[in-house]
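Working notes, structure below.
Residue numbers (my numbering): 192 to 265.
Put into structure tokens, the structure is as follows:
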């Protein structure tokens, strides 16, 4: 064979068939364990306490940080 027939043979081949793989969506796709539920519940509890703490800290702040201006009395 020469270079010309090798090139024609490569071009003449059909493209490979697409894989039957669905990207990791096997029979266990979408299922979670009880450990996942526990982690999710702990996350929501942590967010609840963080929001509560932030609210307490925000209530301690003054309404405005501007210095009170005194009116000139002449």
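Every residue, glycine too, gets a C-beta built ideally from N, C-alpha and C.
Simplified DSSP state of residue i, which is helix, strand or coil
i	result
residue 225	helix
residue 244	helix
residue 256	coil
residue 250	helix
residue 220	coil
residue 237	helix
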